[in-house]
Amino acid sequence: LKEALNLNSEDIQKLREDLKIKIKNSNIGAYIEQLENKDINSCGNGIPIAIKNNINVENWELTCSSNILKGYIAPFNATVIEKLKNAGLSPFGLTNMDEFAMGSSTESSCHGKTLNPVDTSRIPGGSSGGSAAAVAAGLAIAALGTDTGGSIRQPAAYCGCVGMKPTYGRVSRYGIAAYSSSLDQCGPITQNVEDAAILYDILAGYDEKDSTSANIEYTKVTPNLNSDKKFTIAVIDNFIDEASDEIKTAFNNTVKILEEQGHKIVHTNMIDSSKIISTYYIISAAEASANLARYDGVRYGYRATSSNLKDMYVDTKTQGFGYEVKKRIMVGSFVLSSGYYDAYYIKAQKVRSIIKSEFDKIFESADLILSPVAPTTAPKFGSYSTALEMYLADLYTISINLAGLPAISLPVAKDSLGLPIGLQLIANSFEEQTLFDGALSME
Ligand code: GLN
């Protein structure tokens, strides 16, 4: 991306044409539609950026990889798209994702699955699997993803690229289809840390159209990037035990290198991960059930042909939503129902504030936290026998969303099969400069 920003318009056109050919010849399903079918010039001739298909790009189909939205044409640009355009970048291709961003594998998409370009028998991760696979395969120079519980960082780790989730409120959610409004953030997926910083700077900043956007001063990180700064980096010991041996080894090696570079490592512990997973899956499902109520066959996309209004609602949702989405709507409705609200939803909110205060405490004496992104490298297709197994693999990423913190995942090593191992750095809220400086020193 950095190099592309220095190209003249003729070279940018060449780059776009090259990408088009590469995408046409690729077979990993990173994009939901071949670019030749799209009027890609309608979004300008700027530096091409791949866009996860839950972000509104005016006049392009917004499907969220769900049958219920197939054929729905976005009537406006999300704020992040306007920001790209103002910076001379152009949306270029829509990337595949798990349906409504619910999942960790990009398998729950109505467009079919995306393959991991490093090993096509493996999942690319998710839910921004299309964006990460596109960047890793050289089919995009950079991409936008969204991260509700790891959907930028985990596919970046599985595919071997860099993925960054900003502080909650730092990047506008206006025009991004909501999954779980108190957790969702949009961020960059790139080939290296500096590109992530450049794209982050383009996306970040207050937006009055998003009531949860943070109205606080924002200083660009890219001009101040510094890989020589020394930090105190916390390691959460009780989390590391849950990773595979190869991830543990990569983690310990990275800790050693960071110490040799002059960073100070401190050890700490946190609430156990099973509580974090339950909390996340209660809160995200509750918010999803409210957010997805709008897809009723009247206002957006697909409408079933039924004889009366009530049947039309039921049939539209029955036919339009996939299995995982239906399950989460039901779980969400259950935990919000009057008889169970206190037992589940309120309790989860309480645990959420405990998680947040535990992070606050760690940041009293540390600048950054180092953690695995996922307990294993990219699994093979079909290796999860239950959805619960897949949920459990989210243990390292979801607490960061519950606490609203910024985090960046970057490749640090390969396992014995040559699969990328990603680790993440986590910073305190709005400390993105520290996050990028720390990540640069790890690259
Ligand atoms: N895997 C998590 C889920 O299924 C996270 C998804 C995301 O970040 N969008 O909810």
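Once you know that position 84 of the sequence shown is 86 in UniProt numbering, the rest is easy, because the numbers rise by one and skip nothing. Every residue gets a Cβ at the ideal spot worked out from N, C-alpha and C, and that includes glycine. Quantities reported herein were computed from a predicted structural model and do not represent experimental measurements.
- Item | DSSP state of residue 2 mapped onto helix, strand, coil | The structure shown has nothing for residue 2, since the chain only spans 3 to 445.
- DSSP state of Q435, grouped into three classes? helix
- Message: Within the continuous alpha helix (DSSP H) that includes V223, where are the two ends?
- Response: V223 -> no alpha helix (DSSP H), and no H or E assigned at all.
- Exposed or buried, what is P413 when buried is set at 16 or more other beta-carbons lying within 10 Å of its beta-carbon? buried
- Given Y170, which residues of its chain have a CB within under 7 Å of its CB, disregarding the five upstream and five downstream residues? Q187 and G406
- Task: Give the secondary structure of V59 by DSSP, where H, G and I count as helix, E and B as strand, and everything else as coil.
- Result: coil
- Task: With a threshold of 16 other CB atoms inside 10 Å of the CB of F78, please say whether the residue is buried or exposed.
- Result: exposed
- Task: In angstroms with no decimal places, state the Cα-to-Cα distance between G105 and S129.
- Result: 5 Å
- Start and end of the alpha helix (DSSP H) containing L227? Segment: none, L227 is in no alpha helix (DSSP H) and carries neither H nor E.
- Which term fits N271, buried or exposed, when burial requires 16 or more other beta carbons within 10 angstroms of its beta carbon? exposed
- Do A429 and G420 have their C-beta atoms within less than 9 Å of each other? no
- Message: Bridge partners for D313 per DSSP, in chain order?
- Response: Answer is none; D313 lacks a bridge partner.
- Message: If you reduce the DSSP assignment to three classes, tell me which class V414 lands in.
- Response: strand
- Message: Distance check for I53 and H269, CA to CA, integer angstroms please.
- Response: 38 Å
- Message: Quick check: what's the CA-CA separation for T281 versus R354?
- Response: 7 Å
- Item | Counted within 10 angstroms of its Cβ, other Cβ atoms place P93 as buried (16 or more) or exposed | buried
- Query: In whole angstroms, what is the alpha-carbon distance linking Y208 and V173?
  - Reply: 7 Å
- Query: Contact check, K191 vs I143 under 8 Å by CB: the rounded distance?
  - Reply: Reading the sequence as shown, one finds Ile at residue 191 and not Lys. In fact, because the Cβ distance is near 11 Å, the residues do not count as touching under 8 Å.
- Message: Give me, in chain order, the residues of the same chain whose beta-carbon lies closer than 7 Å to that of K4; leave out the 5 immediate sequence neighbours on both sides.
- Response: E196, D197 and I200
- Return the first residue and the last residue of the beta strand (DSSP E) that M166 is part of. V164 to K167
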